[in-house]
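Peer 1: Take this structure, written in structure tokens, and hold onto it; I'll ask about it next.
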Amino acid sequence: GGGDLGKEVLERLRRAHRLKMEDFVSSYVNLTTGSPFRVLVATILSQNSTDKAAMRAYSELERSVGLTPEALVRAGLRRIARAIRVAGLADAKARAIRELAALALRLGDPNLKGLLESGPDAAREVLLRIKGIGPKTVDVLLSSTGTLDTIPVDTHVRRVAQRLGLVGERESYERIKSRLEEVFPPGTRYEAHLLLIAHGRSVCRSRRPLCDRCVLSDLCGYYRRAAGGS
Ligand code: SF4
4 GGGDLGKEVL ERLRRAHRLK MEDFVSSYVN LTTGSPFRVL VATILSQNST
54 DKAAMRAYSE LERSVGLTPE ALVRAGLRRI ARAIRVAGLA DAKARAIREL
104 AALALRLGDP NLKGLLESGP DAAREVLLRI KGIGPKTVDV LLSSTGTLDT
154 IPVDTHVRRV AQRLGLVGER ESYERIKSRL EEVFPPGTRY EAHLLLIAHG
204 RSVCRSRRPL CDRCVLSDLC GYYRRAAGGS
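Numbered according to the working numbering, the sequence shown spans residues 4 to 233.
This is how it looks when you write it as structure tokens:
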């Protein structure tokens, strides 16, 4: 069944990749600060960017503005945007971060721990009202903080899952996520998310994937098709 395949994929990816938390900005910020508010800021910064650029933007924002809701609301959009420029989409991200800061102030919940304690569904509903916070950003928050056992679907996760044949082409975010939740057993899903990203970055790259070095090639539909066609 799906569970066996998931376990096999996990075991092989664990052997192939050593996860370093510094390579995953949301996870890193969660482990070093324990603040859901800061994890959300980091995750917003990482949208359509690399974790490396997001990490630099996060540090610069902390240095030049500060990462408390008060400091961010006081700073104004231009200063926030200037601090986070390296991560791209700076104006839109500055608006989302500032709106998030205003929410935290309004709730009297500066690190948003109370919001997470209200449960994943309630937290999701509140956060999705902020423009610039979508389902993936919420899922990264919920899974990296251990609030919900799920697999956020980023560009690497989507590509690797599609090539392996675990999901079809052009499927919705929610469809891919629920399919991957069937494949990867409870308790392994956030790790599966990180391992699929690591695999997508270093081996199953968008262009010219390194299939000859891939520990999953005998399970992979893309590889079978490529081999059959050669
Ligand atoms: S065999 Fe190639 S396409 Fe398939 S998962 Fe590995 S690197 Fe990706």
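For glycine and all other residues, C-beta sits at the position ideal for the given N, C-alpha and C.
Since we're looking at a predicted model, the values are computed, not measured.
Which term fits Arg228, buried or exposed, when burial requires 16 or more other beta carbons within 10 angstroms of its beta carbon?
Peer 2: It counts as exposed.
Peer 1: What separation, rounded to the nearest whole angstrom, lies between the Cα atoms of Asp215 and Gly69?
Peer 2: Straight-line Cα distance between these residues: approximately 46 Å.
Peer 1: Glu177 by DSSP, collapsed to three states: which one?
Peer 2: Looking at Glu177 - three-state DSSP - the assignment turns out to be helix.
Peer 1: What residue range does the alpha helix (DSSP H) around Gln165 cover?
Peer 2: Start and end: 158-167.
Peer 1: Determine whether the Cβ of Ala125 lies closer than 9 Å to any Cβ atom of chain B.
Peer 2: Protein chain content of the structure displayed is limited to a single chain, and chain B is not contained in it.
Peer 1: Could you check whether Ser38 and Lys134 sit closer than 9 Å to each other, using their CB atoms as the reference points?
Peer 2: The answer is no: Cβ separation not under 9 Å.
Peer 1: For the alpha helix (DSSP H) containing Phe40, list its first residue and its last residue.
Peer 2: 39-49 is the extent of the alpha helix (DSSP H) around Phe40.
Peer 1: In chain order, what residues of the same chain lie with their CB nearer than 7 Å to the CB of Ala45, ignoring the 5 residues before and after it?
Peer 2: These residues qualify, in order along the chain: Val28, Ser29, Val32, Ala57, Tyr61.
Peer 1: To which residues of the same chain is Leu222 closer than 6 Å at the C-beta, ignoring the five residues directly before and after it?
Peer 2: Cβ within range, chain order: n/a, list empty.
Peer 1: Please report the distance separating the alpha-carbon of Leu197 from that of Arg166.
Peer 2: Whole-angstrom Cα-Cα distance: 17 Å.
Peer 1: I need the DSSP call for Ser233, collapsed to helix, strand or coil.
Peer 2: Residue placement at Ser233 is poorly supported in this model, since its pLDDT is 48, which falls under 50; the coordinates are not used for a value here.
Peer 1: Would you kindly check if the distance between the Cβ of Thr158 and the Cβ of Ser205 is under 9 Å?
Peer 2: Contact flag unset, no.
Peer 1: Determine the direct distance from the alpha carbon of Arg132 to that of Arg21, and round the result to whole angstroms.
Peer 2: For Arg21 and Arg132, the distance between alpha carbons rounds to 36 Å.
Peer 1: Which stretch, first to last residue, makes up the alpha helix (DSSP H) that contains Glu73?
Peer 2: Glu73 -> alpha helix (DSSP H) spans 72-78.
Peer 1: Going by Cα to Cα distance, which pick from Arg109, Glu120, Leu183 is closest to Glu73?
Peer 2: Nearest option by C-alpha distance: Arg109.
Peer 1: Could you please give the first and the last residue of the uninterrupted alpha helix (DSSP H) stretch that includes Met58?
Peer 2: Here the alpha helix (DSSP H) through Met58 covers 54-67.
Peer 1: CB of Ser209 to nearest heavy atom of the ligand SF4: below 8 Å?
Peer 2: Flag unset: Cβ of Ser209 not near the ligand SF4.
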